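Chains as they are written, first to last, in UniProt numbering: chain A, 1 to 383; chain B, 1 to 383.
Okay, here's the thing in C-alpha cells:
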C-alpha cells in the first residue's frame with residue numbers, strides 16, 4: 001500500500017548507477033490525472049539545493065505532472081552547473097512523460113557539494129519511464145533510500161478515495177544529514193489551494209514536530225499530488241485529518257529509523273502559557289546533547305531537562321516545574337521527586353512529560369538519543 | 001603561578017569527602033585586602049543553582065572576602081533545602097574567615113538534583129580554613145576539578161601588580177555538563193565598578209566565545225577579586241588587556257580539555273556585515289552535530305558548514321560564501337573549490353575560515369568535535 005494505491009498514479013524505481021553500491025537510486029512518479037493539482041513544503045534553509053529551487057518554481061502554478069527523485073547525491077552547493085543538471089533532468093522527464101519541463105519537480109538526496117553523474121541520471125530517467133506502472137510504488141520507495149534501513153510507506157483509505165505516501169530520511173522537516181524527501185499522492189478531487197492548506201496543517205503537526213538532531217538539510221521536500229481520478233471531492237476537514245494521519249505515520253517511521261538511534265523520545269510539554277512556549281521548551285530539550293546522551297545511557301538525568309528548559313524564553317517559574325520520565329515523576333516543583341532508580345529506560349520508546357504549570361497549552365516533539373552509532377555514521381559518511 | 005601569585009590572597013584545597021573517589025573536592029580562597037573589590041559573571045540559565053543565587057547576592061555591594069568552591073555536587077534543583085545548604089556553607093566560611101556571611105561567595109559543580117553531604121562540606125570548610133596559605137593556589141585549582149584531566153591555571157604580571165586565575169570545566173560560559181567555574185585574583189588597586197567593566201569585556205571576548213557543546217549549565221560562575229595589596233593602580237585599559245589574556249589562557253585550556261574531544265576547532269568568520277552576524281554564523285556551525293561528527297572523522301565536509309550557515313539570519317548571499325579548512329579553500333563562491341583531499345585534519349587544532357563577503361566584521365568561536373568519548377562520558381556520568 002503505497003503511492004500507487006490512489007488511482008491515477010504510475011511509479012517506478014530503478015538502479016541508475018548513481019550510487020556506487022548498485023542499489024536502486026532513481027524514482028519516478030507520474031500523475032495521469034484528470035487533475036494535476038499539487039502542493040509542496042520545502043526546507044527553510046537559505047542554502048538550498050538546486051532541485052529545491054527548480055521544484056519551487058514548478059509548483060508555482062499549482063499543477064505538477066511528475067516527480068523525479070534520486071539518492072546518491074544532493075546536488076546542493078553545486079552552483080549554476082548544478083542547477084543546469086536539475087533542469088536537464090526535468091527536461092528528460094518531461095520528454096518521457098509528454099508534459100512541459102515546468103510540470104516536473106526534482107528531488108535529490110545525498111552528499112552536498114558534488115555534481116551528479118548526469119549520464120547515469122538521464123539513463124535512469126529513460127529506464128524508469130519505460131517501467132512506469134500502477135504497481136511501481138514499492139520500487140519507487142526503495143529507490144529513494146540512503147541510510148534508511150527500510151523503505152517508508154503509508155496509506156489512508158477515505159470514503160471513495162485514497163491517500164498514499166513514501167518518505168526517506170531521518171529527522172524533521174529540517175533533519176539529519178541525509179534530507180527528508182516525501183511524496184504523497186491522492187485520487188481525491190481537490191484544488192491546489194485546498195491541497196496546500198491541508199498539507200501545511202498536516203506537516204505543521206507532524207514533520208515539523210520531529211527533530212532528530214536539530215540539523216536542517218538543504219534539500220528537504222514534501223510534495224502532495226492529487227489526480228482527482230476517484231471522482232470524489234472529500235470534505236476538506238476529513239481530508240486534512242487523513243492527510244495528517246499519513247504524514248504522522250511516515251514521520252514516526254522516520255524517527256524510528258533515525259541514524260544510530262537507540263531510543264525514540266517523545267517530549268510532551270503541558271501546562272504551557274502558549275503552544276509556541278510548549279514547542280520552544282520541547283525543542284530545547286530535544287536538541288540538548290547532554291540530555292540525549294543521558295537517554296542513550298538509560299540515565300533519567302532530569303537535571304539536564306531542567307537546564308535545557310532554563311535557556312528558553314517560555315513562561316514558567318523554575319520552582320513549579322514537574323518532570324516525569326516513563327511514568328515516574330522524578331522532578332517535582334523544580335526539585336527532587338520520586339526515586340530516579342524507579343525509571344525504566346530499557347524500552348526503545350521513551351516519554352518525557354514536562355508540566356510547566358504556566359497555562360493550558362501543550363505540544364509534543366519527537367527526537368532520538370545521541371549514540372556512538374550516530375557519531376560513527378556521521379563521522380564516516382562521506383569518507 | 002596561580003591565584004595566590006597576586007599579593008593578599010590565601011588559598012587551600014582539601015579532600016572533604018564529597019567525592020566518592022576521595023580526591024580533593026573543596027577549595028577556599030580568601031582575600032586579605034586591604035581592598036575587597038569584586039566583580040562576577042554568572043550563568044544566564046533561568047534554572048540556576050542555589051550557590052549562584054547566593055553569590056549574586058553576596059556580590060551586590062561590590063565587596064567579597066572569600067570564595068568556597070566544591071566539586072562533587074552542583075546543588076542545583078535542590079529547592080529551599082539546597083539554598084539553606086549554601087547559606088550554611090557561607091556561614092561556616094564567614095566564621096572561619098572572620099567576616100560577614102554576606103561577604104562569602106559559594107560555587108558548586110557536579111550532578112544536578114542531589115543534595116550535598118553537608119557534614120562533609122562543613123568539615124571540609126574547617127579543614128581548608130586551617131590550611132590557608134599563600135602557596136595554596138595549586139591545591140585549590142586541583143580541588144575544583146571534576147572531569148577535567150588537569151588543573152587549569154594562568155597568570156599575567158603587570159607593572160607592579162599581578163593577575164592569577166584558575167578554572168574548571170569544559171565549554172563556554174554556558175558549557176558542558178560539568179559547569180565552568182573560574183576564580184581570578186589580582187593585587188591591583190581597582191574599584192569594583194572598574195573591575196566589573198574589565199571583567200565583562202574580558203569574558204565577552206573569551207569565555208563567551210568558547211562553546212564546547214551548546215549546553216548551558218545551571219552553575220557557571222566567573223569571579224574576579226582585587227586585594228589592592230600591590231598598592232599599584234593600573235591603567236584600566238592595560239589591566240583589561242591583561243585580564244583578557246588570563247581569561248583567554250584559561251578558556252583555551254577549557255577547550256583543549258573538553259570532554260571526549262579529539263579536535264579543538266576555531267571557527268573564524270570574516271566579511272560579516274556585523275560582529276553579531278559573525279557570532280551567529282560561527283555559533284550555528286559550532287553547534288551543528290553533523291559538522292562536529294565530520295571533523296571527528298577527519299572529513300572536511302564543507303556542505304555541512306554551508307547548511308549550518310543557511311539557518312542563520314545573518315546577511316549573506318549563498319553564492320558568495322567561501323570556506324577554507326586548514327588552509328584549503330574547498331568551497332568557493334558557494335560551490336566546489338579546491339580538492340577536499342588536500343585538507344589535512346590530523347592535527348588536534350582545526351581552523352575553519354568562512355568569508356561571507358557581506359561586510360568587514362569578524363569573530364571567532366572555539367568549539368570541539370563530537371566523538372564517541374563525548375557520548376560515553378555523558379551517557380555514563382551520573383550512573
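Note that the Cβ used here is the ideal one computed from N, Cα and C, for glycine as well. The model shown is predicted, which means the values in this text are computed figures rather than measured ones.
Chain-ordered chain A contacts of residue i [CB-CB under 9 angstroms]
| i | result |
| --- | --- |
| residue 27 (chain B) | None at all; the shortest Cβ gap to chain A is about 23 angstroms. |
| residue 331 (chain B) | 77, 113 |
| residue 366 (chain B) | Within 9 angstroms Cβ-Cβ: nothing; residue 366 (chain B) doesn't reach chain A, min ~17 angstroms. |
Span separating the alpha-carbon of residue i from that of residue j
| i | j | result |
| --- | --- | --- |
| residue 19 (chain B) | residue 195 (chain B) | 34 angstroms |
| residue 91 (chain A) | residue 230 (chain A) | 29 angstroms |
| residue 27 (chain B) | residue 251 (chain B) | 20 angstroms |
| residue 293 (chain B) | residue 112 (chain B) | 27 angstroms |
| residue 172 (chain B) | residue 312 (chain A) | Caution is warranted here: a pLDDT of 46 is assigned to residue 172 (chain B), below 50, making its placement in the model unreliable, and the coordinate value is therefore given only provisionally. For residue 172 (chain B) and residue 312 (chain A), the distance between alpha carbons rounds to 17 angstroms. |
| residue 239 (chain A) | residue 249 (chain A) | 15 angstroms |
| residue 76 (chain B) | residue 214 (chain A) | 27 angstroms |
| residue 276 (chain B) | residue 282 (chain B) | 10 angstroms |
| residue 290 (chain A) | residue 304 (chain B) | 22 angstroms |
| residue 138 (chain B) | residue 11 (chain B) | 9 angstroms |
| residue 176 (chain B) | residue 212 (chain B) | Because the pLDDT at residue 176 (chain B) is just 43, under 50, the model does not fix this residue reliably, and the point stays unresolved. |
| residue 188 (chain B) | residue 155 (chain B) | 13 angstroms |
| residue 71 (chain A) | residue 52 (chain A) | 14 angstroms |
| residue 46 (chain B) | residue 169 (chain B) | 20 angstroms |
| residue 209 (chain B) | residue 325 (chain A) | 34 angstroms |
| residue 80 (chain B) | residue 86 (chain B) | 10 angstroms |
| residue 340 (chain B) | residue 301 (chain B) | 8 angstroms |
| residue 330 (chain A) | residue 306 (chain A) | 12 angstroms |
| residue 7 (chain B) | residue 256 (chain B) | 29 angstroms |
| residue 296 (chain A) | residue 200 (chain B) | 38 angstroms |
| residue 352 (chain B) | residue 74 (chain A) | 23 angstroms |
| residue 234 (chain A) | residue 166 (chain A) | 22 angstroms |
| residue 34 (chain A) | residue 203 (chain A) | 26 angstroms |
| residue 186 (chain A) | residue 4 (chain A) | 9 angstroms |
| residue 207 (chain B) | residue 247 (chain B) | 7 angstroms |
| residue 134 (chain A) | residue 182 (chain A) | 19 angstroms |
| residue 354 (chain A) | residue 322 (chain A) | 6 angstroms |
| residue 107 (chain A) | residue 221 (chain A) | 7 angstroms |
| residue 242 (chain A) | residue 278 (chain A) | 25 angstroms |
Member of the options whose CA lies at the smallest distance from the CA of residue i
| i | options | result |
| --- | --- | --- |
| residue 125 (chain A) | A:242, A:212, A:68 | A:68 |
| residue 132 (chain B) | B:276, B:156, B:93, B:153 | B:93 |
| residue 367 (chain B) | B:285, B:9, B:3 | B:285 |
| residue 254 (chain B) | B:371, B:148, B:203 | B:148 |
| residue 127 (chain B) | B:25, B:378, B:357, B:268 | B:25 |
| residue 259 (chain A) | A:106, A:82, A:179, A:17 | A:179 |
| residue 464 (chain A) | A:73, A:72, A:54 | Here chain A covers residues 1 to 383 and nothing more, so residue 464 (chain A) does not appear. |
| residue 145 (chain A) | A:23, A:370, A:273 | A:23 |
| residue 309 (chain A) | A:280, A:244, A:297 | A:280 |
| residue 30 (chain A) | A:190, A:99, A:15, A:21 | A:99 |
| residue 109 (chain A) | A:218, A:205, A:274 | A:218 |
| residue 225 (chain B) | B:315, B:191, B:299, B:337 | B:191 |
| residue 358 (chain A) | A:333, A:375, A:370 | A:333 |
| residue 363 (chain A) | A:162, A:374, A:267 | A:267 |
| residue 236 (chain A) | A:246, A:104, A:198, A:223 | A:198 |
| residue 136 (chain B) | B:117, B:220, B:66, B:2 | B:2 |
| residue 360 (chain A) | A:377, A:270, A:318 | A:270 |
| residue 14 (chain A) | A:153, A:121, A:350, A:159 | A:121 |
Contact list for residue i against chain B, beta-carbon separation under 8 angstroms
| i | result |
| --- | --- |
| residue 336 (chain A) | 77, 78, 79, 113, 114, 115 |
Chain A contact residues for residue i, given Cβ-Cβ distances below 7 angstroms
| i | result |
| --- | --- |
| residue 293 (chain B) | 375, 378, 379 |
| residue 318 (chain B) | 46, 47 |
| residue 302 (chain B) | 113 |
Neighbour list for residue i in chain A, Cβ cutoff strictly below 8 angstroms
| i | result |
| --- | --- |
| residue 216 (chain B) | 307, 310, 311 |
| residue 372 (chain B) | 372, 375, 376 |
*What are the complete beta strand (DSSP E) segments, minimum 3 residues, inside the stretch 147-234 of chain B?*
152-157, 162-168, 181-186, 221-226
*Mind listing, in chain order, the continuous alpha helix (DSSP H) runs of no fewer than 4 residues lying wholly within the stretch 18-104 of chain A?*
50-59, 79-97
*Can you check the stretch 340-370 of chain B for any beta strand (DSSP E) of at least 3 residues that lies completely inside it and give the ranges in chain order?*
Counting whole runs of 3 or more residues, the stretch 340-370 of chain B contains the beta strand (DSSP E) stretches 349-355, 361-368.
*Can you find at least 3 beta carbon pairs, one from the stretch 31-40 of chain A and one from the stretch 57-67 of chain A, that sit closer than 8 angstroms?*
yes
*Taking three-plus beta-carbon pairs below 8 angstroms as touching, is the stretch 253-267 of chain B in contact with the stretch 328-348 of chain B?*
yes
_Suppose only complete runs of 4+ residues qualify. What are the alpha helix (DSSP H) ranges in the stretch 233-302 of chain B, listed by chain order?_
236-256, 275-286, 289-296
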